[in-house]
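Be aware that the sequence shown starts at 2, since it is given in my numbering, and climbs by one per residue.
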Amino acid sequence: MMRTLLPAGRRGDAIYAWLHFLATHRRFPGARESGRLNDLLYHVRVDGDLLDPLCQFVTDKAYAKWYVAATVGEQYMQKTLALLDHVDEVDRLRLKQFPCVVKPTHLSGAVQFCRADDRQLDREQMKSWFGLDLYRESREQNYRWLRPRIIVEEYFGAAEAAVPDDYKVFCFRGEPRFIQVDNGRFTRHTRNLYDSSWRRLPCYILHATRKEDD
């Protein structure tokens with residue numbers, strides 16, 4: 002409720018981030034250089050990092066692909082099969098390549114897997130994505146000006162295979178510092194954290210860890 006009452010903009014976002022931190026961690030935020038990840042992420046939210054034009058640009062999943070392709074080459078990117086700019090395009094979408102992945106460019110975590118036929122698509126859910134505003138939900142400034150769109154990409158892996166593990170490398174000041182590995186995102190979701198040398202970290206973020214690595 003508080004996030005909807007506070008005015009949009011940097012000051013309201015900072016107040017919400019402070020209140021959310023206090024409610025979640027039961028303490029005041031520490032200094033940016035405290036050595037605690039939660040403190041660093043708090044300051045990323047309130048110190049203006051998210052207002053960096055490049056940060057806002059690559060928050061959009063379609064624009065992020067352009068940036069990666071221009072930086073290291075298109076060979077590292079999945080092929081884009083479709084890009085929907087308006088909700089009216091959802092019902093007209095006809096896919097010809099399977100399996101594929103469907104996701105909103107302006108949100109986080111939302112995704113559909115279409116394995117063999119576009120009749121598997123949940124088109125009503127896709128339409129609902131156009132009405133969602135992650136900035137209003139999270140008050141993360143890099144999402145504020147994103148235009149709602151949907152991207153369809155080729156899927157890496159066999160159509161009948163389980164969804165592969167998801168890897169995220171977290172970089173600070175241009176250096177990789179830790180790695181997040183999500184397993185079973187749509188079944189029994191677990192998440193393990195590692196340092197840049199693949200040593201297991203004794204902590205977790207939101208989801209339980211796997212007891213053993215496969």
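Ideal Cβ positions, reconstructed from N, Cα and C, are used throughout, including at glycine.
Next item on the list: Could you check how far apart the C-beta atoms of Glu-154 and Val-88 are, in whole angstroms? I think they sit under 8 Å.
Entry: Numbered from 1 along the sequence shown, position 153 holds the residue referred to as residue 154. Numbered from 1 along the sequence shown, position 87 holds the residue referred to as residue 88. The Cβ separation is near 20 Å, so there is no contact.
Check: Under 9 Å between the Cβ atoms of Glu-61 and Arg-148?
Finding: For the purposes of this step, residue 61 is identified with residue 60 of the sequence shown, where counting begins at 1. For the purposes of this step, residue 148 is identified with residue 147 of the sequence shown, where counting begins at 1. Per the sequence presented here, residue 61 reads as Asp, with Glu not at that position. Asp-61 is a Cβ neighbour of Arg-148, given a cutoff of 9 Å.
Next item on the list: Could you pull out every residue in the same chain whose Cβ sits closer than 6 Å to the Cβ of Gln-57, ignoring the five residues on either side in sequence?
Entry: Taking the sequence shown and counting its residues from 1, the one referred to as residue 57 is at position 56. Taken in chain order, the residues that qualify are Asn-143.
Margin query: Which residues does DSSP list as the beta-bridge partners of Glu-155?
Written below: Indexing the sequence shown from 1 puts residue 155 at position 154. In the DSSP output, where bridge partners are listed per residue, Glu-155 has Cys-101.
Next item on the list: Taking only the alpha-carbon atoms, compute the straight-line gap between Pro-30 and Asp-48 and give it to the nearest angstrom.
Entry: Mapped onto the sequence shown, residue 30 falls at position 29. Mapped onto the sequence shown, residue 48 falls at position 47. Near 13 Å, if we compare the C-alpha coordinates of Asp-48 and Pro-30.
Checklist line | Residue span of the beta strand (DSSP E) that contains Arg-178, given as start and end | finding: If you number the sequence shown from 1, residue 178 lands on position 177. Its beta strand (DSSP E) spans residues 176-184.
Notebook entry, point to check: Hey, is the stretch 110-117 in contact with the stretch 174-184, meaning 3+ C-beta pairs nearer than 8 Å?
Noted result: Contact between the stretch 110-117 and the stretch 174-184 is absent: fewer than 3 CB-CB pairs across the two stretches fall below 8 Å.
Notebook entry, point to check: Quick one: complete alpha helix (DSSP H) runs, 4+ long, within the stretch 87-147?
Noted result: Within the stretch 87-147, the complete alpha helix (DSSP H) runs of at least 4 residues are 124-130, 135-139.
Check: If you scan the stretch 10-89 from start to end, which runs of the alpha helix (DSSP H) of 4 or more residues do you find wholly inside it?
Finding: Whole alpha helix (DSSP H) segments, 4+ residues: 11-26, 38-47, 54-60, 62-73.
Notebook entry, point to check: Does the separation of the CB atoms of Ala-70 and Tyr-77 fall below 9 Å?
Noted result: For this step, residue 70 is matched to residue 69 along the sequence shown. For this step, residue 77 is matched to residue 76 along the sequence shown. For Ala-70 and Tyr-77, yes; Cβs fall inside 9 Å.
Notebook entry, point to check: Going by other Cβ atoms of all chains shown within 10 Å of its Cβ, with 16 needed for buried, is Trp-199 buried or exposed?
Noted result: Locating residue 199 in the sequence shown gives position 198, where the first residue counts as 1. Of the residues assessed, Trp-199 falls on the exposed side of the cut-off, its CB having fewer than 16 other CB atoms within 10 angstroms.
Next item on the list: Please say whether Pro-100 and Trp-130 have beta carbons closer to each other than 9 Å?
Entry: Within the sequence shown, residue 130 is the residue found at index 129, counting from 1. Within the sequence shown, residue 100 is the residue found at index 99, counting from 1. For Trp-130 and Pro-100, no; Cβs fall outside 9 Å.
Item checked: Where Arg-192 sits in the DSSP three-state scheme -> Counting from one through the sequence shown, the residue named residue 192 turns up at place 191. In the three-state reduction of the DSSP assignment, Arg-192 falls in the strand class.
Notebook entry, point to check: For Arg-4, which of helix, strand or coil comes out of DSSP?
Noted result: Within the sequence shown, the letter at position 3 stands for residue 4. Note: Arg-4 maps to helix in three-state DSSP.
Next item on the list: Label Asp-134 either buried or exposed according to how many other C-beta atoms from any shown protein chain fall within 10 Å of its C-beta, with 16 as the threshold for buried.
Entry: For this step, residue 134 is matched to residue 133 along the sequence shown. Residue environment for Asp-134: exposed (fewer than 16 other C-beta atoms within 10 angstroms of its C-beta).
Note to self: According to DSSP, is Asp-167 part of a helix, a strand, or is it coil?
What the structure shows: Here the question's residue 167 lines up with position 166 in the sequence shown. Strand at Asp-167.
Notebook entry, point to check: Would you report the Cα separation of Ser-188 and Arg-150, rounded to the nearest angstrom?
Noted result: For this step, residue 188 is matched to residue 187 along the sequence shown. For this step, residue 150 is matched to residue 149 along the sequence shown. In the sequence as displayed, the identity of residue 188 is Thr instead of Ser. A straight-line Cα-Cα distance of about 26 Å links Thr-188 and Arg-150.
Checklist line | Helix, strand or coil at Trp-204 according to DSSP, with G and I counted as helix | finding: Numbered from its first residue, the sequence shown carries residue 204 at position 203. Here residue 204 is Cys; the residue named in the question, Trp, does not match the sequence. Residue state, collapsed to three classes: coil.
Checklist line | Selected residue, minimal CA-CA separation from His-21, among Leu-42, Arg-33, Ser-35, Ala-32 | finding: Here the question's residue 21 lines up with position 20 in the sequence shown. In terms of CA proximity to His-21, Leu-42 leads the group Leu-42, Arg-33, Ser-35, Ala-32.
Next item on the list: Ignore the nearest five residues each way along the sequence and tell me which others in Asp-92's own chain have a CB closer than 8 Å to its CB.
Entry: In the sequence shown, counting from the first residue as 1, residue 92 sits at position 91. Cβ within range, chain order: Arg-124.
Next item on the list: Look at the alpha carbon of Leu-221 and the alpha carbon of Lys-212, and state the distance between them as a whole number of angstroms.
Entry: This structure gives no information on residue 221, because the portion of the chain shown stretches from 2 to 215.
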